[in-house]
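Chemist:
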Amino acid sequence: MNAGFENEFFLLKSITREGKEEWIPFDSSPYCSSSAFDAASPILREVASALHSMGIPVEQKQYALDDLGSGSHVHLSLWQNGQNVFMASDGSSKYGISTLGKEFMAGVLYNLPSILPFVAPLPISYDRLQPNTWSGAYLFWGNENKEAPLRAASPPGTPGGLVSNFEVKSFDGSANPYLGLAAIIAAGIDGLRRHLSLPEPVDKDPNPENLQRLPKSLSESLEALHKADFLEEFFSDKSLTAIKAIRK
1 MNAGFENEFF
11 LLKSITREGK
21 EEWIPFDSSP
31 YCSSSAFDAA
41 SPILREVASA
51 LHSMGIPVEQ
61 KQYALDDLGS
71 GSHVHLSLWQ
81 NGQNVFMASD
91 GSSKYGISTL
101 GKEFMAGVLY
111 NLPSILPFVA
121 PLPISYDRLQ
131 PNTWSGAYLF
141 WGNENKEAPL
151 RAASPPGTPG
161 GLVSNFEVKS
171 FDGSANPYLG
181 LAAIIAAGID
191 GLRRHLSLPE
201 PVDKDPNPEN
211 LQRLPKSLSE
221 SLEALHKADF
231 LEEFFSDKSL
241 TAIKAIRK
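Its first residue numbered 1, the sequence shown is counted upward by one per residue in the UniProt record's numbering.
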């Protein structure tokens, strides 16, 4: 499978090409990689520390709760023998997603409340996950719907009617990228094993009366985590105990 972050912070280096100086990204790893995240993290910490010393806070949500916040969205796709098997093989699929892809995505959607402590690990993380702020406050998925916590994506070059990957919007910059990605993958595998069905997408503004609200606080997401037993196969008892204790 491929899982990667949307890089919005780049380290550049100077090279000479055909006698001209050019600036290119320091990290040339594939898009679906966390190495760029690793390379940028020390610099981001230095920038955040410098801003903090000047009285400028660096948080997911700076002002009012109805303002847009800052996250670290993750895109995922499934691959086998060099082929994208998340995407339907032709246009016959209802959503442009393969059966395998729908079951995996359904697992992430179904288990999203219980994996929030991995991807949104701080109390302030939940200030960002508010309605009408493009972060995904209700439990549903959609096609190019900015209010959906899980969004099916068809970037340029994707055959018409097909979906090549999906985005998880709940992830933020305070999360450990490895633990967060591991939790998302575990949730997807749970969907595959249980052959979960993907519900109908919501492609308009969500109606709170018809949809489940995602946990509004870290304590609520921890309650969901305590009820989830599928993670026990993917994380050691010591790891889960430590994660729950630290978040608490």
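Positions of the beta carbon are idealized from the N, C-alpha and C atoms, including for glycine.
Here the structure is a predicted model, which is why all the values come from computation and not from measurement.
1) Just to confirm, is the Cβ distance from PHE171 to ALA120 under 9 angstroms?
2) Just the C-alpha distance for GLU46 and PRO159, rounded to the nearest angstrom, thanks.
3) Give the straight-line distance between the Cα atoms of SER53 and LEU218, rounded to the nearest whole angstrom.
4) Spatial neighbours of ARG194 within its chain, please: C-beta separation below 6 angstroms, excluding the five flanking residues on both sides.
5) Entirely within the segment 160-235 and at least 4 residues each: give me those alpha helix (DSSP H) ranges in chain order.
6) Are the beta-carbon atoms belonging to HIS73 and VAL202 less than 9 angstroms from one another?
7) Taking all protein chains shown into account, do 16 or more other C-beta atoms lie within 10 angstroms of the C-beta of TYR178, making it buried, or fewer, making it exposed?
8) Please work out which residues of its chain come closer than 7 angstroms, Cβ to Cβ, to ASP205, disregarding the five sequence neighbours upstream and downstream, and give them in chain order.
9) Any idea what DSSP makes of TYR95, helix, strand or coil?
10) Relative to the C-alpha of TRP79, which residue among SER164, SER49, LEU129 and PRO117 is closest?
11) With H, G and I counted as helix, E and B as strand and the rest as coil, what does DSSP make of LEU109?
12) What is the C-beta distance between SER114 and ALA224, in whole angstroms, given that I count them as a contact (C-beta under 8 angstroms)?
13) Starting from LEU150, follow its DSSP beta bridges and name the residues at the other end.
14) Decide if TRP23 is buried, meaning its Cβ has at least 16 other Cβ atoms within 10 Å, or exposed.
15) Measure from the alpha carbon of HIS75 to the alpha carbon of each residue in PHE234, GLY161, PRO149 and ASN81, then state which is nearest.
16) Are there 16 or more other CB atoms within 10 angstroms of the CB of PRO215, so buried, or fewer, so exposed?
17) Measure the C-alpha to C-alpha separation of ASP190 and LEU196 and round it to an integer number of angstroms.
18) In terms of alpha-carbon separation, which member of LYS244, GLU200 and ALA186 lies closest to PHE230?
19) Label ARG17 either buried or exposed according to how many other C-beta atoms from any shown protein chain fall within 10 Å of its C-beta, with 16 as the threshold for buried.
20) Regarding VAL108 and the ligand ADP, is the C-beta to nearest heavy atom distance less than 8 angstroms?
21) Output the distance between the C-alpha atoms of SER125 and ALA183, rounded to the nearest integer angstrom.
22) Give the C-beta separation of LEU240 and ALA106 to the nearest angstrom, bearing in mind that I take them to be a contact with Cβ-Cβ under 8 angstroms.
23) Where ALA228 and GLY96 are concerned, what is the direct C-alpha to C-alpha distance, given to the nearest angstrom?
24) Can you check which of these residues, TYR138, ILE15, LEU122 and ASP90, is closest to ASN207 by C-alpha distance?
25) VAL85 and LEU100 - do their beta-carbons sit closer together than 9 angstroms?
Modeler: With the given structure in hand:
1) Taking 9 angstroms as the Cβ cut-off, PHE171 and ALA120 qualify as a contacting pair.
2) Spanning the two alpha carbons is a distance of roughly 42 angstroms.
3) Rounded to the nearest angstrom, the two C-alpha atoms are 27 angstroms apart.
4) Counting only Cβ-Cβ distances below 6 angstroms, and skipping sequence neighbours, we find nothing.
5) Taking only runs of at least 4 residues, the alpha helix (DSSP H) segments lying wholly in the segment 160-235 are 177-194 and 218-227.
6) No, they are not a contact pair.
7) TYR178 is exposed by the Cβ-count criterion.
8) Within the same chain, GLU147 come within 7 angstroms of ASP205 by CB-CB distance, once the 5 residues on both sides are set aside.
9) Looking at TYR95 - three-state DSSP - the assignment turns out to be coil, as it is neither helix nor strand.
10) Among SER164, SER49, LEU129 and PRO117, the Cα nearest to that of TRP79 is on SER164.
11) Looking at LEU109 - three-state DSSP - the assignment turns out to be helix.
12) Here SER114 really is in contact with ALA224; their C-beta atoms are around 4 angstroms apart, less than 8 angstroms.
13) Under DSSP, LEU150 forms a beta bridge with TRP141 and VAL168.
14) By the neighbour-count rule (16 or more Cβ atoms within 10 Å), TRP23 is not buried but exposed.
15) Out of PHE234, GLY161, PRO149 and ASN81, PRO149 has the C-alpha closest to the C-alpha of HIS75.
16) Classification for PRO215: buried.
17) Roughly 8 angstroms separates the two Cα atoms.
18) The shortest C-alpha separation from PHE230 is found at ALA186.
19) Residue burial annotation: ARG17 is exposed, with fewer than 16 other C-beta atoms found within 10 angstroms of its C-beta.
20) Looking for the ligand ADP in the displayed structure turns up nothing, as the structure carries no ligands at all.
21) The alpha-carbon separation between SER125 and ALA183 amounts to approximately 17 angstroms.
22) LEU240 to ALA106, Cβ: 23 angstroms. No contact.
23) Rounded to whole angstroms, ALA228 to GLY96 spans 30 angstroms at the Cα level.
24) Selection TYR138, ILE15, LEU122 and ASP90 evaluated against ASN207 yields TYR138 as nearest (Cα-Cα).
25) Between LEU100 and VAL85, the C-beta gap is smaller than 9 angstroms, which places the two residues in contact.
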